[in-house]
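Enquirer:
There are 2 protein chains.
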Amino acid sequence: MKNKSAIVLLSGGQDSTTALFWAKKNFQKIEAISFDYGQRHKIELKAAKKIAKIAKVKHKIIRIKEFEQIKNSALLDKKLDIKKKHKLDRKLPFTFVPGRNILFLAIAGSYAWTKRIKNIIIGVSEVDYSGYPDCRKNFINAFEKSLCLGLDYKIKIHTPLINKTKKQIVLLAKKMGVLNLMKYTHTCYNGNKIPCGVCQACKLRAKGFKNAGIADPLK
Amino acid sequence: MKNKSAIVLLSGGQDSTTALFWAKKNFQKIEAISFDYGQRHKIELKAAKKIAKIAKVKHKIIRIKEFEQIKNSALLDKKLDIKKKHKLDRKLPFTFVPGRNILFLAIAGSYAWTKRIKNIIIGVSEVDYSGYPDCRKNFINAFEKSLCLGLDYKIKIHTPLINKTKKQIVLLAKKMGVLNLMKYTHTCYNGNKIPCGVCQACKLRAKGFKNAGIADPLK
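Laid out in C-alpha cells, this is it:
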C-alpha cells in the first residue's frame, strides 16, 4: 500500500491517533480530517490539531451543522447529563449520536473523490464495543459498497483496529513507538483533559492501559 | 403503508415534488426535508418551501456546509461555466456533486432515527439517467443496508420513480391530480424560473412533457 494516498478520520482520541500512525506506516501520502459537529468539548479538536502537527500530516477540520439542527444526542446538548440513559432507545448508550460515522464517512468519501484518493482509514473497533452500531465491520463493509456505487469510484475503507481490544490498541501504539503521544489524545466525555475515570470512554481507556500493563501517559 | 410515517427528500424539482405527492397517498404522516448545501440558486429552496406549504406538509430546511468546504463542483462555484466538462472525471457531467445523495440520505437517516420514522422517500430515477451514480437502485439498496446496520434500526428507502422515464413521471403527476403544481417546481441549472432550454435539466424536463403530450405549466 506504500505508493497510495489515504485520508484518516482523526477525532483526537487514542484510537484514531493510533490509526493515524498506522496509516503513516502503510501509505505514502496521508492527510487527516476532523469534524467540528457541535460536540460538547472542543478540546478533542485541539488534540487532533496538535497530533496532526506532530505527525506532520496535512489536517482539515470540516464544520458540520446537521447534528445541531437535528438535536438528537446528549453529546450535543450541554444541559443533559451524560450519565443518563438515552431516552429514545434504551439499548443504546446515551452518548450515541445516530449516524455519526455514517455522516463522517459520507463526507470523507466525497472529499476522497474530489482529491482522487482511494483509501479512507477509520479507527473503529468492534471489540470493547460500547454500543455504537456504526463502529462494526458489517456496517463498514456495507458503507464501503455504498460509496463505491454512489460515487462510481473504487474506494477502500481500512479499519486497522476493528478486531483489537483497547489493550491491543495500546500495545500497537507502543510497537509503533508512539505511545508517548497518547498524552496529547483526548478521551473524556465530560471534557476533562485528565481522564475523569467515571465516563464510559475513560473507563475503557483505563482498562486498555491496565490490561497492557502500561501507565497512561496522560495521567 | 397507510399507517406509517415517512420523510420525503424535497429538492423543489419536478421529481421530488411528484414523489412528495406519491408519499402523501401512501403514508399516513409525512414530513419533507430540503438541503441548503450552498447550491448556486436558492430559487429551488423557495420552490420546495412553497410546494410543502401547498401540500400541507411539515418542512425543514437543513443547512449543510460540507460541500462548500470541499469545494468540488460547478454547482457550488458560480464562477464556473455549467456547460463545461467536469475537470476531474470526463465520464461524469460537470454538474455532478460527488456524494450529494449519499450525504442527504445519511442526514435523513439520522433524522429518521431521532423521530422514530421508518421510511425515507427519494425521487431518484435511473431512467433518463444523467450520469449521477447515486441515483441508481444498486446504490439505494446498498445505502439502505448501511443505514439499517449503522443505526441498528430498520429503515426503508422508497424510490417510487426509480424505473420511470421523465414522460412517465409527468403522467404520474397527472394521474395524481397535481400536474398543475409543476408550475411551482424548479428545474433549471442556470437558475431561471422559466426553463432555459439549454441546460441538461431543462432539456430532460422538456423531453418529459413533450413525450407525455402535455404542455409544461411552467411555460
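Note that the protein sequences, when read in sequence, are chains G and R.
Each residue of the first sequence is one higher than the one before, starting from 1 at the first, in our numbering.
Each residue of the second sequence is one higher than the one before, starting from 1001 at the first, in our numbering.
The beta-carbon is built from N, C-alpha and C at its ideal position, and this holds for glycine as well.
What you are looking at is a predicted structure, and each value in this text was computed from that prediction instead of being measured.
(1) Beta-carbon within less than 6 Å of G:ILE121's beta-carbon, same chain only, minus the 5 sequence neighbours each way: which residues are those?
(2) For R:ARG1205, count neighbouring Cβ atoms within 10 angstroms of its own Cβ and tell me buried if that reaches 16, exposed if not.
(3) DSSP state of R:GLU1144, grouped into three classes?
(4) Closest Cβ-Cβ distance between G:SER11 and chain R: below 8 Å?
(5) Look up R:ASP1089 in the DSSP assignment and say whether it is helix, strand or coil.
(6) Return the residues of the region 51-69 of chain G that lie within a Cβ-Cβ distance of less than 7 Å from chain R, sorted by chain order.
(7) For R:LEU1161, go through chain G and note every residue whose CB falls closer than 7 Å to its CB, in chain order.
(8) In the region 1097-1115 of chain R, which residues sit with their C-beta less than 7 Å from some C-beta in chain G, listed in chain order?
(9) Here's a check: name, in chain order, each residue in its chain whose Cβ is nearer than 8 Å to the Cβ of R:THR1165, leaving out the five neighbours to either side.
(10) Which residue spans inside the region 1020-1082 of chain R form an unbroken alpha helix (DSSP H) run of at least 4?
(11) Quick test of your reading: R:LEU1179 and R:ILE1194, contact by CB under 8 Å. State the CB separation rounded to the nearest angstrom.
(12) Which stretch, first to last residue, makes up the beta strand (DSSP E) that contains G:ASN119?
(13) Can you give me, in chain order, the residues of the region 169-187 of chain G that have a beta carbon less than 8 Å from any beta carbon in chain C?
(14) Using only the alpha-carbon positions, how far apart do G:CYS148 and R:PRO1133 sit?
(15) Beta carbons nearer than 8 Å to chain G: which residues of the region 1136-1149 of chain R have them?
(16) Could you give the distance in angstroms between the alpha-carbon of G:ASP152 and the alpha-carbon of G:ASP216?
(17) Near G:PHE104, what residues of its chain come up, given a Cβ to Cβ distance below 7 Å and the 5 sequence neighbours on each side ignored?
(18) Note down, in chain order, each residue of its chain lying with its Cβ closer than 7 Å to the Cβ of G:LYS174, except the 5 sequence neighbours on either side.
(19) What is the DSSP secondary structure of R:SER1125, counted as helix, strand or coil?
Expert: This is what the structure holds:
(1) ALA6, VAL8, ALA19, ALA23, HIS158
(2) buried
(3) helix
(4) no
(5) Because the pLDDT at R:ASP1089 is just 45, under 50, the model does not fix this residue reliably, and the point stays unresolved.
(6) ILE62, ARG63, ILE64, LYS65, GLU66, GLN69
(7) Here the premise fails: no neighbours, minimum Cβ distance about 18 Å.
(8) PRO1098, GLY1099, ASN1101, ILE1102, LEU1103, ALA1106, ILE1107, GLY1109, SER1110, TYR1111, TRP1113, THR1114
(9) SER1125, VAL1127, ASP1128, GLY1208, ASN1211
(10) 1043-1055, 1066-1070
(11) No, R:LEU1179 and R:ILE1194 are not in contact; Cβ-Cβ is about 17 Å, not under 8 Å.
(12) 119-121
(13) Of the protein chains in this structure, namely G and R, none is chain C.
(14) 9 Å
(15) ARG1136, ASN1138, PHE1139, ALA1142, PHE1143, LYS1145, SER1146, LEU1147, LEU1149
(16) 44 Å
(17) LEU9, PHE35
(18) ILE214
(19) coil
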